[in-house]
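*Asks:* Just so we're aligned: the sequence shown equals residues 6 to 206 in the working numbering.
No residue lacks a Cβ here, since even glycine has one placed at the ideal position from N, Cα and C.
Quick one: structure below, then a few questions.
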Amino acid sequence: MERDFQERIRRDLTRKAQLLVLDEIHKMHGWKPFLKEAVDTRPAGQSILVTGSARLDTFRQSGESLADRYFPFHLYPLSVKELASQMAPTDALVQLNRLGGFPEPFLSGSEIEAARWRNQYYSDLVREDILEFSRIQEVRAMRLLVEMLRHRVGSPLSQTSLAGDLKIAPNTLRSYLDILESLQIIFMVRPFHAQEHADEH
6 MERDFQERIR RDLTRKAQLL VLDEIHKMHG WKPFLKEAVD TRPAGQSILV TGSARLDTFR
66 QSGESLADRY FPFHLYPLSV KELASQMAPT DALVQLNRLG GFPEPFLSGS EIEAARWRNQ
126 YYSDLVREDI LEFSRIQEVR AMRLLVEMLR HRVGSPLSQT SLAGDLKIAP NTLRSYLDIL
186 ESLQIIFMVR PFHAQEHADE H
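Structural data, given as structure tokens:
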């Protein structure tokens, strides 16, 4: 079936369509060399749009290089600034903290629906993205970390304390945080120091 899928894409490449969209291609076995071949053999004037998870960023770290062949574009969750035309910034912040920044749970307006969506999303994320992203086996620890972080939004983060609560090594915790940040699940607000600012100049 996968071979048939690849052949279908190759046929579409030969039809000289102006735009070919490949969604979630990273779930296909051998997608990296296949995508490189598709880019290198496409008809003149054809554009290829590849959409999917942040795992696509691993392409840049692999032996299959697309250097000078693509432009990465990240779609981030909803922000207070985006919602400012529809509601007061303080209300937008409250809603984002309550429902999350992904469109589907946010637009539902329901905490129950948001929780249901979040549980399914985390399950899919751990199964399809995180395990493949880093070969992590501690699935329960990762999911527990995400839930713990949800309740510490806006608070100073003690990595030593979190590692102790999860009974994992601090280095492992830092690895988990890096992965979650790479996948746009969390973002870290790091402290600003005057000395760092001075060093930049």
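Do Ile-191 and Leu-178 come within 9 Å of each other at the CB atom, strictly closer than that value?
*Replies:* No; because the gap between Cβ atoms is not below 9 Å, this pair is not in contact.
*Asks:* By the DSSP assignment, the beta strand (DSSP E) with Val-55 in it spans what residues?
*Replies:* Run containing Val-55: 52–56, per the beta strand (DSSP E) assignment.
*Asks:* Kindly indicate which three-state DSSP category Leu-188 falls into: helix, strand or coil?
*Replies:* Looking at Leu-188 - three-state DSSP - the assignment turns out to be coil, as it is neither helix nor strand.
*Asks:* Relative to the C-alpha of Tyr-75, which residue among Gly-105, Val-55, Val-85, Tyr-81 is closest?
*Replies:* The shortest C-alpha separation from Tyr-75 is found at Val-55.
*Asks:* Can you name, in chain order, every residue of its own chain whose Cβ lies under 6 Å from the Cβ of Val-26, other than the five neighbours on each side?
*Replies:* Answer for Val-26: Leu-54, listed in chain order.
*Asks:* Beta strand (DSSP E) containing Leu-24: first to last residue?
*Replies:* Its beta strand (DSSP E) spans residues 24–28.
*Asks:* Quick one: grab the DSSP three-state call for Ala-146.
*Replies:* Ala-146 falls in the helix class under three-state DSSP.
*Asks:* In the DSSP assignment, find the unbroken alpha helix (DSSP H) run with Leu-98 in it and report its ends.
*Replies:* Per DSSP, Leu-98 belongs to the alpha helix (DSSP H) from 94–104.
*Asks:* To which residues of the same chain is Gln-189 closer than 8 Å at the C-beta, ignoring the five residues directly before and after it?
*Replies:* These residues qualify, in order along the chain: Ala-59, His-79, Tyr-81, Pro-82.
*Asks:* Go ahead and pull the three-state DSSP assignment for Ser-166.
*Replies:* Ser-166 falls in the helix class under three-state DSSP.
*Asks:* Tell me the DSSP secondary structure of Pro-196 in three-state form.
*Replies:* Coil at Pro-196, not helix or strand.
*Asks:* Spatial neighbours of Glu-87 within its chain, please: CB distance less than 6 Å, with the 5 preceding and 5 following residues excluded, ordered by chain position.
*Replies:* Result list for Glu-87: empty, nothing under 6 Å.
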